[in-house]
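According to my numbering, the sequence shown is numbered sequentially starting from 31. Worksheet: the structure to be examined is printed underneath.
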Amino acid sequence: MEQQRSLVWNSTNNNSSPSDQMDMFQSDLSASMIAIYVSLCTLGLFIITVNALVIYLVITRDYLKTVTNLCLASLAVSDMFSGLYAIPLIITCSTHMSVNICIAMDLGQRFLSVSTVLHLLLITMERYSTIVLSVMRTTSVMNKKTCLAILLVLWMLSLFVSLIQLSILDPDAPKPSRDELIYDFICLGMLAVLPLVVMAVAYLHIFYTLRKHVQAIKRDVSHLSSKCMARNARKERKALLIYGAMICVFVLSWFNYFFASLQEDLGNRTGIPFWADVILLFLRFSTNLLNPLLYTFLKRDFRRATKSIQFFGLRKKYNRRTTSFSSSFSTRRTNLSSVSSGESQV
Numbered sequence: 031m032e033q034q035r036s037l038v039w040n041s042t043n044n045n046s047s048p049s050d051q052m053d054m055f056q057s058d059l060s061a062s063m064i065a066i067y068v069s070l071c072t073l074g075l076f077i078i079t080v081n082a083l084v085i086y087l088v089i090t091r092d093y094l095k096t097v098t099n100l101c102l103a104s105l106a107v108s109d110m111f112s113g114l115y116a117i118p119l120i121i122t123c124s125t126h127m128s129v130n131i132c133i134a135m136d137l138g139q140r141f142l143s144v145s146t147v148l149h150l151l152l153i154t155m156e157r158y159s160t161i162v163l164s165v166m167r168t169t170s171v172m173n174k175k176t177c178l179a180i181l182l183v184l185w186m187l188s189l190f191v192s193l194i195q196l197s198i199l200d201p202d203a204p205k206p207s208r209d210e211l212i213y214d215f216i217c218l219g220m221l222a223v224l225p226l227v228v229m230a231v232a233y234l235h236i237f238y239t240l241r242k243h244v245q246a247i248k249r250d251v252s253h254l255s256s257k258c259m260a261r262n263a264r265k266e267r268k269a270l271l272i273y274g275a276m277i278c279v280f281v282l283s284w285f286n287y288f289f290a291s292l293q294e295d296l297g298n299r300t301g302i303p304f305w306a307d308v309i310l311l312f313l314r315f316s317t318n319l320l321n322p323l324l325y326t327f328l329k330r331d332f333r334r335a336t337k338s339i340q341f342f343g344l345r346k347k348y349n350r351r352t353t354s355f356s357s358s359f360s361t362r363r364t365n366l367s368s369v370s371s372g373e374s375q376v
């Protein structure tokens with residue numbers, strides 16, 4: 031089974047029988063396990079809230095209905111289901127140890143993992159084709175109908191890859207079959223190693239193209255001030271940090287997920303500390319919170335949309351108060367100016 035189930039078994043004695051481990055777990059539900067479950071629930075709430083905000087903004091703001099943002103909204107749906115579906119099933123599987131619940135957790139986790147990886151790959155290639163292949167276009171080379179068709183195929187492919195496990199999974203077998211190991215190797219190669227290489231090369235080429243474009247502008251416009259050049263340098267460093275963060279998040283989460291799944295089926299995960307499994311679990315789910323922050327809210331149009339949100343009319347009241355204060359302040363300043371000019375005339 032997947033890494034989540036080892037979260038429970040590693041917390042007990044590995045040398046005891048499964049029935050003894052179950053009794054020990056029931057009698058020793060320590061404060062640390064409760065803290066882990068509470069932290070997972072809190073993280074899940076943040077994941078749901080942030081990604082739901084992305085979906086809400088794309089639906090309600092016409093200027094956000096671009097090809098890139100449609101891909102980001104679809105990614106937000108995948109990330110939101112991690113908080114709605116995956117985290118509750120992980121806790122349920124860990125506490126009840128039901129075979130059917132744990133299989134549903136494994137299938138759901140694989141479905142969401144494949145969906146997220148394919149979304150990240152699609153977003154990367156869409157940005158690459160727009161910036162690099164189309165010579166710094168500001169709009170996408172895809173139209174919305176093509177984008178929606180690709181997203182539909184992406185979701186169907188993710189569902190197929192996850193459900194195909196049912197034809198090769200045998201819960202009663204003492205160890206994974208040869209077909210399961212082949213499946214794990216294919217997932218690791220096609221959904222972890224290959225996307226990682228493609229994304230790394232694409233982001234490096236995007237950064238190189240952007241930097242080359244900025245340098246060409248500097249050569250053509252010789253009167254750029256030092257302040258403008260410093261601002262461009264900050265933008266280059268910011269872009270490099272963002273692209274580097276995207277690659278690091280991918281390695282720590284999805285590459286580790288598929289690699290850990292293979293290692294567990296090979297029986298090579300025995301002896302791994304319990305705290306290491308907990309850290310890796312939180313790192314992986316943290317990506318569902320980092321994805322909208324890295325890919326979405328750093329975009330200028332989403333920042334504009336976020337500023338326009340009204341929370342129970344508070345922003346409108348704040349703007350009204352700010353406007354009234356500014357007008358009253360300008361009126362006072364005008365009155366003082368007229369008084370001072372009158373005094374000077376006297």
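Note that CB positions come from ideal geometry on N, CA and C, so glycine has one too. Predicted model only: the values in this text are computed from it and were never measured.
| Item | Value |
| --- | --- |
| Sorted by chain position, which residues of the same chain lie with C-beta nearer than 7 angstroms to D331's C-beta, five sequence neighbours on each side aside? | Y93 and L94 |
| Using 10 angstroms around the beta-carbon of G74, count the other beta-carbons present and answer buried if the total reaches 16, otherwise exposed. | buried |
| Rounded to whole angstroms, how far is the Cβ of L324 from the Cβ of A275, which I believe are closer than 8 angstroms? | 6 angstroms |
| Pull up the distance between the alpha-carbon of E156 and that of D307, whole angstroms please. | 34 angstroms |
| Which of helix, strand or coil does DSSP assign to L196? | helix |
| Just reading off the alpha helix (DSSP H) that T90 is part of, what are its end residues? | A61 to T90 |
| Starting from A290, trace the alpha helix (DSSP H) in both directions and tell me its first and last residue. | N286 to L296 |
| What's the call for R333, buried or exposed, on a 16-neighbour Cβ count within 10 Å? | exposed |
| Pairs of beta-carbons, one from the segment 205-212 and one from the segment 183-191, closer than 8 angstroms: are there three or more? | no |
| Could you check if D307 belongs to the surroundings of the ligand ATP, using beta carbon to heavy atom distance under 7 angstroms? | Ligands in the displayed structure: none, and consequently the ligand ATP is not present. |
| Work out the CA separation of V129 and S338 for me, nearest whole Å. | 47 angstroms |
| For the putative contact between S108 and F315, defined by C-beta atoms under 8 angstroms, what is the C-beta separation to the nearest angstrom? | About 13 angstroms separates the two Cβ atoms, so there is no contact after all. |
| If you measure between the beta carbons of A103 and V88, is that distance less than 8 angstroms? | yes |
| Which value, in whole angstroms, describes the spacing of the CA atoms of F327 and S188? | 26 angstroms |
| Are the CB atoms of S192 and V223 within a distance shorter than 8 angstroms? | no |
| Measure the beta-carbon distance from L319 to I77 and round it to whole angstroms, keeping in mind my assumption that it falls under 8 angstroms. | 5 angstroms |
| Using only CA atoms, which one of L151, T96 and A134 lies nearest to I277? | L151 |
| If you draw a straight line from the alpha carbon of Q139 to that of A232, how long is it in whole angstroms? | 27 angstroms |
| How is K337 classed by DSSP in three states: helix, strand or coil? | helix |
| Using DSSP with H/G/I as helix, E/B as strand and the rest coil, what is S173? | Reading the sequence as shown, one finds Asn at residue 173 and not Ser. Coil. |
| Taking all protein chains shown into account, decide if S291 is buried (16 or more other Cβ within 10 angstroms of its Cβ) or exposed. | buried |
| Does the distance from the C-beta atom of F288 to that of L218 stay below 8 angstroms? | yes |
| Can you give me the C-alpha to C-alpha distance between K205 and L70, rounded to a whole angstrom? | 30 angstroms |
| When burial is assigned at 16 or more other CB atoms within 10 Å of the CB, is S283 buried or exposed? | buried |
| What separation, rounded to the nearest whole angstrom, lies between the Cα atoms of N99 and H149? | 12 angstroms |
| By DSSP, does F141 sit in helix, in strand, or in coil? | helix |
| For N81, collect the residues of the same chain with a Cβ closer than 6 angstroms to its Cβ; drop the 5 residues on either side in sequence, then sort them by chain order. | A106, D109, M110 and P322 |
| Between which two residues does the alpha helix (DSSP H) carrying F312 extend? | F304 to N321 |
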